[in-house]
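These protein sequence lines are chains A and B, in that order.
Going from the first sequence to this note's numbering is simple: count from 1 and add 28.
Going from the second sequence to this note's numbering is simple: count from 1 and add 1.
Take a look at the structure below.
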Amino acid sequence: NAGVTQTPKFQVLKTGQSMTLQCAQDMNHNSMYWYRQDPGMGLRLIYYSASEGTTDKGEVPNGYNVSRLNKREFSLRLESAAPSQTSVYFCASSVPPNPGGSNQPQHFGDGTRLSIL
Amino acid sequence: QKEVEQDPGPLSVPEGAIVSLNCTYSNSAFQYFMWYRQYSRKGPELLMYTYSSGNKEDGRFTAQVDKSSKYISLFIRDSQPSDSATYLCASSGSARQLTFGSGTQLTVLP
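What follows is the structure, given as C-alpha cells:
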C-alpha cells in the first residue's frame, strides 16, 4: 500500500550542484505532478504530466526540468541549484479528468526536504 | 492577490470544540473544491472533495461551498487531539491544475 514514494527524503546541496528527485506511484494513475511548498506560500505547481510522454509547465517552472520516465515514474531535476530552491518538494498523482470533465483529487507523497547552501 | 486566500492561524481549540476553517477564492471558474490535511513532515492527504455549491458531510467533517460569495469552509465537530494538523484548501476549474491556499495550522488541546 505504498501510494506515492519519493526519494530521497532529505538532501543538502551546495549552490551550483545538480540533483534529481525521484517519484514513483503504484496506483496506475495517468497524471503526475511536482509541487514545492514554502512557508506562507502554500503548494505551488512546478510541472505536471497529464500522461506518459507529455509534460507541461506549472506556476513556477524556472530552474527545473522533468522527465516522465514511464507511467509509474516522474522525476524532477535541478541542473544548477540555487538557495531560492530550498524548499519541500512534493510529488502527486491522480487519475485523469473523467469523461464529464470533472477534476480528480491528487494523492501526495511525503516530500523531499531540500536545502541549498 | 492570491487566487485562494486562507488565514494561516495558528488556531488552538480545546478537545471537543467545533472548528471552523475558511478560505476565499477569486476565480469564478473554480468549481472543484478540496480540503487536505497535512501532518507535520508528511504529505497532504485528501479529506473532502466537493463539486460546485452545497454541503458534504463525512463523519465529523463537513465541507461547505458558497459560490455566490466565493467562500469555502470546513467544519470539524467534536475535535480530537489527532485532528491537530495543517489544513489546506484547494480549488480548480476545468483544468487539472489545483490552486492551494497557504494552509491553517490547527492544534486541538487535550
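Every residue gets a Cβ at the ideal spot worked out from N, C-alpha and C, and that includes glycine.
Beta-carbon proximity check, residue i vs residue j, cutoff 8 angstroms
| i | j | result |
| --- | --- | --- |
| B/Phe62 | B/Ser21 | no |
| B/Lys71 | B/Tyr26 | yes |
| A/Gln45 | A/Ala120 | no |
| A/Arg105 | A/Asn90 | no |
| B/Gly44 | A/Gly137 | yes |
| B/Ala30 | B/Ser80 | no |
| B/Gly94 | B/Asn28 | yes |
| A/Leu71 | A/Thr114 | no |
| A/Leu145 | A/Thr43 | yes |
| A/Ala52 | A/Arg96 | no |
| B/Pro11 | B/Thr108 | yes |
| B/Ser41 | B/Leu110 | no |
Residue i (DSSP reduced to helix, strand or coil)
| i | result |
| --- | --- |
| A/Ser143 | strand |
| A/Gln134 | coil |
| B/Pro45 | coil |
| B/Pro82 | helix |
| B/Gln120 | The requested residue 120 of chain B is not part of the displayed model; chain B covers only 2 to 111. |
| B/Gln106 | strand |
| B/Ser92 | strand |
Selection from the options that minimises the alpha carbon distance to residue i
| i | options | result |
| --- | --- | --- |
| B/Gly102 | B/Lys57, B/Val14, B/Arg38 | B/Arg38 |
| B/Tyr52 | B/Asp8, B/Cys24, B/Ile73, B/Gly44 | B/Ile73 |
| A/Asn56 | A/Ser115, A/Leu145, A/Pro67, A/Ser122 | A/Ser122 |
| A/Gln134 | A/Gln50, A/Met60, A/Phe38 | A/Met60 |
| B/Pro15 | B/Ser83, B/Lys3, B/Trp36, B/Ala91 | B/Ser83 |
| B/Glu4 | B/Ser54, B/Leu12, B/Gln98 | B/Gln98 |
Distance cut-off 7 angstroms: residue i Cβ against heavy atoms of the ligand ZN
| i | result |
| --- | --- |
| B/Ser80 | For the ligand ZN, the structure offers nothing, since it holds no ligand at all. |
N- and C-terminal bounds of the beta strand (DSSP E) containing residue i
| i | result |
| --- | --- |
| B/Pro15 | 12-15 |
| A/Met47 | 47-53 |
| B/Val66 | 62-67 |
| B/Leu99 | Element bounds for B/Leu99: n/a, residue is neither H nor E. |
| A/Met60 | 59-66 |
Presumed contact (8 angstroms Cβ cut-off) between residue i and residue j, rounded CB distance
| i | j | result |
| --- | --- | --- |
| A/Tyr117 | A/Gly139 | 6 angstroms |
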